[in-house]
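Participant:
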Amino acid sequence: MTWNRAYYYYLLFGDITPDYSPWETTVWTNNIYPVLDKLLSLSGHYKQTGISSLQYVPKPGTPYFQPFKPGRLSWNAAAQDKWTLDAHEVNRRFHHLDIWTPSRSVCAKLNSAPDIFFSLFNERNTFPVADPTFETFTVVAVAQALNADPLPGILALSAALKAKKTVFRMRGWEEKQQDENWELTNSIQDTMSANIYQKTTGALNKAVFADIPFEPFWKVVYER
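Per the working numbering, the very first residue in the sequence shown carries number 1010; after that it's consecutive.
1. Nearest CA to the CA of Asp1234: which residue from Ser1196, Gln1207, Lys1173, Tyr1029?
2. Can you tell me where the beta strand (DSSP E) holding Ser1062 begins and where it ends?
3. Should Val1151 and Pro1159 be called a contact, given that it needs their Cβ atoms to be closer than 8 angstroms?
4. Any heavy atom of the ligand PLP inside 7 angstroms of the beta-carbon of Asn1120?
5. Whose CA, out of Ala1015, Leu1129, Pro1076, Ser1062, lies closest to the CA of Thr1200?
6. Per DSSP, Gly1023 forms a beta bridge with which residues?
7. Note the first and the last residue of the continuous alpha helix (DSSP H) segment covering Thr1135.
8. Can you tell me which of the three DSSP states Ile1221 falls into?
9. Give me the residue from Thr1035, Lys1174, Pro1076, Asn1013 with the minimum Cα distance to His1105.
10. Which residues does DSSP pair with His1105 in a beta bridge?
11. Shortest alpha-carbon distance to Val1066 belongs to which of Phe1223, Glu1098, Ile1197?
12. Quick check on DSSP: helix, strand or coil for Ile1041?
13. What do you get for Val1176, buried or exposed, if any count of 16 or more other CB atoms within 10 angstroms of its CB means buried?
14. Rank Ala1139, Lys1056, Tyr1017 by C-alpha distance to the C-alpha of Lys1215 and give the top, closest one.
15. Start and end of the alpha helix (DSSP H) containing Lys1118?
16. Hey, quick one: how far does the alpha helix (DSSP H) through Gln1089 stretch, first residue to last?
17. Looking only at its chain, what residues have a beta carbon closer than 6 angstroms to the beta carbon of Arg1014, apart from the 5 residues adjacent to it on each side?
18. When DSSP builds the beta bridges, which residues end up paired with Tyr1231?
19. Could you check whether Thr1058 and Trp1109 sit closer than 8 angstroms to each other, using their CB atoms as the reference points?
20. Let me check one thing: in DSSP terms, what residues is Tyr1017 bridge-paired to?
21. Tell me the DSSP secondary structure of Thr1110 in three-state form.
22. At what residues does the beta strand (DSSP E) containing Pro1076 begin and finish?
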C-alpha cells in the first residue's frame, strides 16, 4: 500500500441553525452518523476506523479557553456520545473532527493513506470570522482503489449536513493542484477553507458565496 493513492475528493459547504448543528449529539446520532456509517462501510478496514476531535472548554479562573480532547475513539455508537455536544452545553466549543478508515495508527503500520477520510470544521470557532459565508466545512475523500461509487453516500451526507453546495474532483493524497482561483498544496488531511482559495486574503469563508468560481476546477454534485 502507499500514501500516493487516488481519491474521489469532496468539499461540502454548509450552514447551521439554532436547532441543527452537526456536532450536537441528537443531530449527529439521528441524522449524520447512520449516513456516514454506511459510507465508511465501503472499506474493508471499517472496524478499524478511528475518530479524533479538538474542542475548547473554559480555563478555570481565567477568561480564556483551553483545549479539550476526548481522546482517540473507535467507530461505534457509544463513542459518539464522547465527542458530540449536548444542545444545552454552551461552555464547550467544537472546533473540528476527523475520521480515518482505518485509523491513523493503522495507516502508519500499513504505510498507507486511509481508504476513507472525513473532517468537519466549525468555521466560527476555527477562524475569527464573525459572519462566515458558510458555517461548516467538510472534507470527504474515498480511495478510488475501493472500486465503489461513493456518490450516493456523498449526496445523502450532503443532505444530512445541510450542505448548500458540494463539489468534487479527483486528487492524490498529497497531490498539488491549482488554477488561477484554487490552490491545493497541502495533503488531503490538511485541507481547510483558509488554504485552498487564492482570490481572497485569508479564509475562503470571507468571500461572497454566490461569487465563488467553483467551476471548472470543481464539479458541483449537490446544491440547494
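Beta carbons are placed, not taken as given, at the ideal position from N, Cα and C, and that holds for glycine. All values derive from a computational prediction rather than experimental measurement.
Facilitator: By the coordinates alone:
1. A question about residue 1234 goes unanswered here, because the residues of the chain that appear run from 1010 up to 1233.
2. Per DSSP, Ser1062 belongs to the beta strand (DSSP E) from 1059-1067.
3. In contact: Val1151 and Pro1159 (Cβ atoms closer than 8 angstroms).
4. Questions concerning the ligand PLP fall outside what the structure shown contains, since it holds no ligand whatsoever.
5. Leu1129
6. Thr1145, Ala1172
7. Per DSSP, Thr1135 belongs to the alpha helix (DSSP H) from 1132-1135.
8. coil
9. Pro1076
10. BP columns for His1105 point to Leu1063, Phe1130.
11. Glu1098
12. helix
13. The C-beta of Val1176 has 16 or more other C-beta atoms within 10 Å across all chains shown, which makes the residue buried.
14. Minimum Cα distance to Lys1215 is reached at Ala1139.
15. 1113-1119
16. 1086-1092
17. Listed in chain order, the non-local C-beta contacts of Arg1014 below 6 angstroms within the same chain comprise Ala1122, Ala1152, Trp1182, local neighbours out to five positions each way being set aside.
18. Beta-bridge pairing links Tyr1231 to Thr1175.
19. yes
20. Val1151, Met1179
21. DSSP, read as helix, strand or coil, puts Thr1110 in strand.
22. 1074-1077
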